[in-house]
Each structure stands twice: as C-alpha cells, then as structure tokens.
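Counting with my numbering, you get residues 4 to 207 for the letters of the sequence shown.
Notes follow once the structure below has been shown.
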Amino acid sequence: MKNRIGELRRERGLTLKQMGKKLNIRDNTLSQYETGKREPQLGLMIEIANFFNVSLEYLMCENNKRDYPIENNDDAIDLISKFKNNEIKFDSMSNSTAINLGFWIATHPDVIKMDYPDLYSSAVTITNQVASDHKILNMYSERRKKDNDTIAEIIDLLESEDGFYGATPKETLEFLKQSERIDHVELNKILEFMKSLPDAPNED
4 MKNRIGELRR ERGLTLKQMG KKLNIRDNTL SQYETGKREP QLGLMIEIAN FFNVSLEYLM
64 CENNKRDYPI ENNDDAIDLI SKFKNNEIKF DSMSNSTAIN LGFWIATHPD VIKMDYPDLY
124 SSAVTITNQV ASDHKILNMY SERRKKDNDT IAEIIDLLES EDGFYGATPK ETLEFLKQSE
184 RIDHVELNKI LEFMKSLPDA PNED
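Set out below in structure tokens:
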C-alpha cells in the first residue's frame with residue numbers, strides 16, 4: 004500500500020529509530036510500512052497521521068491536500084458545508100482540525116442555529132463523531148502499545164544472549180498459528196494446563 008510515511012518522517016528530520024521510539028513501533032517494522040512490504044492497521048495509520056498532523060487521506064496518498072485548517076468562522080462554516088455536501092469526510096481532515104471544528108461548533112451553537120440552520124444537523128453529527136473517534140482511538144492506542152511491549156518482550160526472550168531454553172522460534176510460531184483456529188476458552192485451558200506442569204529437571 005502506497006503511503007507518505009517515509010516522506011513525512013524525513014521531512015520532520017527523524018530517523019526510523021527516533022520515530023519508532025515516539026510511536027512505540029520497532030524501527031524495522033516501521034521501515035516495512037514505509038516500503039509497503041507490510042500494511043499497518045487502520046488505527047495505527049490514524050495515529051501516524053495524527054503524529055504528522057495531516058489527514059489520513061493525505062498520508063495514504065488518496066489526495067494531495069494535507070489538511071483544512073480553521074483560522075476563522077468562515078473556514079469553520081465552509082468545512083461544515085463541505086461535510087454536509089459530501090465534498091469531504093473525516094479522513095480528509097487532520098485530527099487537530101476535526102477537534103478544532105468540534106470545539107468551534109460547541110462554542111458557536113447560536114451562529115449555526117440562527118444564520119445556518121440548514122447546517123445544524125451536520126454540525127451535530129460532526130461533534131458526535133469527533134467525540135466517538137477520540138475515545139475509540141485512545142482505546143486502540145493504549146491496547147496497541149501494550150501489545151507491542153509484549154511482542155518486544157517475546158523477541159527479546161527468544162534472542163536472549165543468556166540463552167532461552169523454552170519453545171524455539173519455530174515452535175512459538177507453530178503455537179501462534181494453531182491458536183488462531185482454537186476457541187479462546189480451549190486455548191486458556193491449554194495455557195492453564197501448561198502452568199500446572201512441574202518444572203523440567205535441571206540437566207547436569
């Protein structure tokens with residue numbers, strides 16, 4: 004999938020390692036995202052777009068407009084009108100612009116009701132969507148970072164210089180593949196059974 008991750012990273016003057024650290028992404032994984040060898044989840048693409056303060060559509064090369072900044076009341080009304088007429092959607096705006104637009108609507112209800120009543124329904128939809136997206140993205144980001152920390156711990160364990168004598172990388176991969184077809188209840192039973200087994204005897 005074509006994207007502008009690498010272009011925006013270089014524009015910001017960041018190395019892969021620096022950007023990976025800021026977003027809690029391994030630098031080799033980030034490199035694969037940039038070259039299109041791997042495709043990030045949508046939630047992560049939104050996080051990256053927010054990091055660079057550009058729209059998701061711009062990041063994904065779906066258009067060449069980075070954002071629709073709001074500098075005055077006319078800009079806000081114009082954006083609501085474009086949204087109402089399906090000329091733009093949320094992915095056309097950066098996260099900061101969407102939040103600013105939602106805040107503008109919340110603080111200027113009388114302007115919309117009195118001067119632009121035809122935009123009122125769209126304005127309500129925008130504020131609700133901003134609140135919902137913000138909540139969902141925060142939940143996704145928190146879960147992703149926890150999962151990435153766990154994945155990093157697995158890799159560190161398998162690559163430990165002190166030696167790891169549990170499952171081999173091949174066995175770990177096979178377990179992951181098999182776990183995908185097993186019900187989570189059964190998977191948890193397997194894990195609990197493994198925990199109940201005695202430690203292997205030390206080899207002299």
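Positions of the beta carbon are idealized from the N, C-alpha and C atoms, including for glycine.
Exposed unless 16 or more other CB atoms sit within 10 angstroms - verdict on residue i
i: V188; result: exposed
i: N75; result: exposed
i: L33; result: buried
i: F167; result: exposed
i: R69; result: buried
Residue closest to residue i, alpha-carbon to alpha-carbon, out of the options
i: L104; options: F178, Y71, L19, L200; result: Y71
i: I129; options: N98, N151, M4; result: N98
i: R29; options: T171, I157, N151; result: N151
i: L59; options: K40, I91, A109, D81; result: I91
i: L11; options: G169, C64, F178; result: C64
For residue j and residue i, the rounded distance between their alpha carbons
i: A203; j: M142; result: 40 Å
i: P43; j: K5; result: 11 Å
i: S144; j: K87; result: 29 Å
i: R184; j: N31; result: 28 Å
Residue i, DSSP secondary structure in three states
i: N141; result: helix
i: D202; result: coil
i: I185; result: coil
Any non-hydrogen atom of the ligand GDP within 8 Å of residue i CB
i: M96; result: Questions concerning the ligand GDP fall outside what the structure shown contains, since it holds no ligand whatsoever.
(request) Write down every uninterrupted run of the alpha helix (DSSP H) in the region 34–92 whose length is 4 residues or greater and which is fully enclosed by it, in chain order. (result) If only uninterrupted alpha helix (DSSP H) runs of at least 4 residues are considered, those enclosed by the region 34–92 are 45–55, 59–62, 76–87.
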